[in-house]
Amino acid sequence: MEVMGVTGSDGLWRGQLTASGTVNETSYFITVSGQTWNGARTIATNAARPRADTICAGGADAGAVSGRTGCYGGSDRLGLNARLTTPMAGGELSLTANVLDLDAQNAGSKKAGTTTFREINDLYLRFRTGKTLQQQQAGLRWTGPFGGSMEADFSLYGIHRTINNPIPFDVIDLARKAGGARASLSKTVSTGAGELQWLVGGEYELQSDDRSEIDAQFGTGMPDPTDVPFQDQDEDVRSAGVFLQGSLELSGGAVLLAGLRYDNHDFTVTDNVPVAVNADDSGTRTMTAVSPSIGISIPAGQSANVYGSVSTVFNTPTTSELGNTPTAAGGFNADLDPMRGESFEVGVRGNVGSSAAFEVTGYQTNLRNELVRFEVPALTDISFWRNSGKSRHRGVEVTLSVAPGDGLFRGDVTYTRTDAKFLEYAADGNDFAGNRIPGVARDRAQARLRVTPSGWWAELVGSHVSRVQANDANSAEAPSY
Numbered sequence: 000m001e002v003m004g005v006t007g008s009d010g011l012w013r014g015q016l017t018a019s020g021t022v023n024e025t026s027y028f029i030t031v032s033g034q035t036w037n038g039a040r041t042i043a044t045n046a047a048r049p050r051a052d053t054i055c056a057g058g059a060d061a062g063a064v065s066g067r068t069g070c071y072g073g074s075d076r077l078g079l080n081a082r083l084t085t086p087m088a089g090g091e092l093s094l095t096a097n098v099l100d101l102d103a104q105n106a107g108s109k110k111a112g113t114t115t116f117r118e119i120n121d122l123y124l125r126f127r128t129g130k131t132l133q134q135q136q137a138g139l140r141w142t143g144p145f146g147g148s149m150e151a152d153f154s155l156y157g158i159h160r161t162i163n164n165p166i167p168f169d170v171i172d173l174a175r176k177a178g179g180a181r182a183s184l185s186k187t188v189s190t191g192a193g194e195l196q197w198l199v200g201g202e203y204e205l206q207s208d209d210r211s212e213i214d215a216q217f218g219t220g221m222p223d224p225t226d227v228p229f230q231d232q233d234e235d236v237r238s239a240g241v242f243l244q245g246s247l248e249l250s251g252g253a254v255l256l257a258g259l260r261y262d263n264h265d266f267t268v269t270d271n272v273p274v275a276v277n278a279d280d281s282g283t284r285t286m287t288a289v290s291p292s293i294g295i296s297i298p299a300g301q302s303a304n305v306y307g308s309v310s311t312v313f314n315t316p317t318t319s320e321l322g323n324t325p326t327a328a329g330g331f332n333a334d335l336d337p338m339r340g341e342s343f344e345v346g347v348r349g350n351v352g353s354s355a356a357f358e359v360t361g362y363q364t365n366l367r368n369e370l371v372r373f374e375v376p377a378l379t380d381i382s383f384w385r386n387s388g389k390s391r392h393r394g395v396e397v398t399l400s401v402a403p404g405d406g407l408f409r410g411d412v413t414y415t416r417t418d419a420k421f422l423e424y425a426a427d428g429n430d431f432a433g434n435r436i437p438g439v440a441r442d443r444a445q446a447r448l449r450v451t452p453s454g455w456w457a458e459l460v461g462s463h464v465s466r467v468q469a470n471d472a473n474s475a476e477a478p479s480y
């Protein structure tokens, strides 16, 4: 059994209890965790409330909720994770279960024109923005020999989730049921060129959402009792995919990789708002893609490998992104398309002696219809989504790990440099071509040192993120930290 506790600034408390063991041939792993945090964002200056200090502290505040005072953006989180593993039918059966209860305030982005990132926009306070979430998830997986010469991997999962999400001006309620199944078969065979390992499989997923959105009362964030939902719809998603992968180990230690995947996603929305109130926005969207990939890894000396790959990108919008439109109409946004593209990667990884490892990777991803978040002047502080024309993400990542043989400590350092730009993108009469993509930091670095003497451990982590652009026009930015 292991007990862990963490405390920090702004009222942070985090605890975790972990138990594991084996009974007969069945192993178990159970974790119960909890966290509470007061938040680090201060209330905007107002005669009716304390001033916005650079430290989140103070007396009772008219904007405080759940008993918190002097700040906003806190959260309470309770989670349970469990896994049971037991032999079955010559293989291994695993059962997992996860439960999450979350009550969190959303302090939003930094308020424009303020000298401190801590001060929140008064709009978030007035509408009590945040999220309460309850989620239960269970999964079943069996792996083992199949048909005498193959290996099988079969899995099932189910999810139930409820969300209450006050945002500026509105309250969103969501009830979700989802589930899916995945199956794959693999085998290794000898060929004249070397050992070939192939894998073939498929997956099927269903998701059903009951979503409603209603005007919120200014000052309470509660649904307006005199109003009816302006959005009330059932959203169903059916996703099916089949895939084939191959790995061929050539003479000399080189490995050739190839894959092919087909995806089909059907989105269906049923508008429940009476036609007398709003037009029927029911409809369907279908998004498909064939995604090939290829890669190779070649030994470079005794302790290093050079590798490269080419793959395709396919990413559909979520139901939230499809359903959130500036016009506040129901249904799905017919103008929002999936993101597609190609990704190229080349790198080298290896060891330095017996106690150090390194990896250097260069990459470029060319995208079409990248999903971009934006706001409209009449509805500030509410995010919507649209497609850009063409964009490019290019960069390099360097990682170094050191772990002496005595096991007393481990150190890891990672640095990433990313150049992310719009190549073709025009919206609202503006041309954003050549601008940096908002939300993507040019430089990221992290260093981690973990000391593990017998019976206990200590860890020190430091990170740096460079400034990021805050909008498509690059007219505002968030500072580095």
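Its first residue numbered 0, the sequence shown is counted upward by one per residue in numbering that gives the first Met the number 0.
Even glycine gets a Cβ: it sits at the ideal position worked out from N, Cα and C.
Computed from a predicted model, the values in this text were never measured in an experiment.
DSSP-derived helix/strand/coil call for residue i
{"i": "Thr317", "result": "coil"}
{"i": "Gly57", "result": "Confidence is the limiting factor: at Gly57 the pLDDT is only 43, short of 50, which leaves the residue's position unreliable, though a coordinate-based value still follows. In the structure shown, Gly57 sits in coil (DSSP, three-state: anything other than H, G, I, E or B)."}
{"i": "Gly66", "result": "The predicted model places Gly66 with a pLDDT of 41, which falls under 50 and marks its position as unreliable, so this point remains unresolved."}
{"i": "Asp223", "result": "coil"}
{"i": "Leu249", "result": "coil"}
{"i": "Asp405", "result": "coil"}
{"i": "Tyr480", "result": "coil"}
{"i": "Asp491", "result": "Not covered by the structure: residue 491. The range shown for the chain is 0 to 480."}
{"i": "Ala46", "result": "Because Ala46 sits at a pLDDT of 37, beneath the cut-off of 50, its placement in the model cannot be relied upon, and the following sentence gives the value as read from the coordinates. Residue state, collapsed to three classes: coil."}
{"i": "Pro437", "result": "coil"}
{"i": "Pro144", "result": "strand"}
{"i": "Trp483", "result": "Any answer about residue 483 is impossible in this case: the structure gives the chain only from 0 up to 480."}
{"i": "Val276", "result": "coil"}
{"i": "Asp471", "result": "coil"}
{"i": "Arg391", "result": "strand"}
{"i": "Phe242", "result": "strand"}
{"i": "Ala432", "result": "coil"}
{"i": "Gly138", "result": "strand"}
{"i": "Thr131", "result": "strand"}
{"i": "Gly218", "result": "coil"}
Cβ distance (whole Å) where residue i is taken to contact residue j below 8 Å
{"i": "Gly394", "j": "Asp418", "result": "6 Å"}
{"i": "Leu407", "j": "Pro452", "result": "6 Å"}
{"i": "Leu122", "j": "Pro167", "result": "5 Å"}
{"i": "Val467", "j": "Gly438", "result": "6 Å"}
{"i": "Gly282", "j": "Gly361", "result": "Not confirmed; about 43 Å, so no contact."}
{"i": "Arg117", "j": "Phe28", "result": "With a Cβ gap of about 39 Å, Arg117 and Phe28 do not count as contacting."}
{"i": "Arg385", "j": "Leu335", "result": "7 Å"}
{"i": "Glu212", "j": "Arg181", "result": "The Cβ separation is near 33 Å, so there is no contact."}
{"i": "Ser189", "j": "Gln196", "result": "Their Cβ separation, rounded to whole angstroms, is 11 Å, which puts Ser189 and Gln196 out of contact at 8 Å."}
Pair within 7 Å by beta-carbon distance, residue i and residue j
{"i": "Ser390", "j": "Leu422", "result": "yes"}
{"i": "Leu249", "j": "Gly294", "result": "no"}
{"i": "Gln232", "j": "Asn277", "result": "no"}
{"i": "Arg210", "j": "Glu234", "result": "yes"}
{"i": "Pro403", "j": "Ser342", "result": "no"}
{"i": "Asp169", "j": "Asn163", "result": "no"}
{"i": "Arg443", "j": "Val460", "result": "no"}
{"i": "Gly300", "j": "Phe242", "result": "no"}
{"i": "Arg367", "j": "Gly340", "result": "yes"}
{"i": "Thr413", "j": "Gln445", "result": "yes"}
{"i": "Arg40", "j": "Ala106", "result": "yes"}
{"i": "Arg175", "j": "Arg160", "result": "yes"}
{"i": "Gln104", "j": "Gly78", "result": "no"}
{"i": "Arg435", "j": "Asn473", "result": "yes"}
{"i": "Ala137", "j": "Ala96", "result": "yes"}
{"i": "Asp405", "j": "Phe431", "result": "no"}
{"i": "Val2", "j": "Leu11", "result": "no"}
Limits of the unbroken beta strand (DSSP E) element including residue i
{"i": "Arg372", "result": "370 to 375"}
{"i": "Asp152", "result": "149 to 166"}
{"i": "Arg447", "result": "442 to 450"}
{"i": "Phe28", "result": "25 to 36"}
{"i": "Glu118", "result": "Looking at the DSSP string, Glu118 is not in any beta strand (DSSP E), and its letter there is neither H nor E."}
{"i": "Tyr261", "result": "254 to 270"}
{"i": "Tyr203", "result": "194 to 214"}
{"i": "Thr17", "result": "11 to 22"}
{"i": "Gly7", "result": "1 to 7"}
{"i": "Ala457", "result": "457 to 464"}
{"i": "Arg40", "result": "It is not in any beta strand (DSSP E) - Arg40 carries neither H nor E in the DSSP assignment."}
{"i": "Gly454", "result": "Note, Gly454: premise wrong, no beta strand (DSSP E); not H, not E."}
{"i": "Thr187", "result": "169 to 189"}
First and last residue of the uninterrupted alpha helix (DSSP H) at residue i
{"i": "Tyr424", "result": "Run containing Tyr424: none; DSSP gives neither H nor E here."}
{"i": "Arg125", "result": "121 to 125"}
Any non-hydrogen atom of the ligand ADP closer than 6 Å to residue i Cβ
{"i": "Glu341", "result": "Absent from the structure shown: the ligand ADP. Ligands present: none."}
At what residue ranges does the stretch 278 to 359 contain a whole run of the alpha helix (DSSP H), taking only runs of 4 or more?
-> 318 to 322
Jot down the residue ranges of each uninterrupted beta strand (DSSP E) in the stretch 64 to 110, minimum 3 residues, whole runs only, in chain order.
-> If one requires a minimum length of 3 residues, the beta strand (DSSP E) runs lying completely within the stretch 64 to 110 are 74 to 87, 90 to 104, in chain order.
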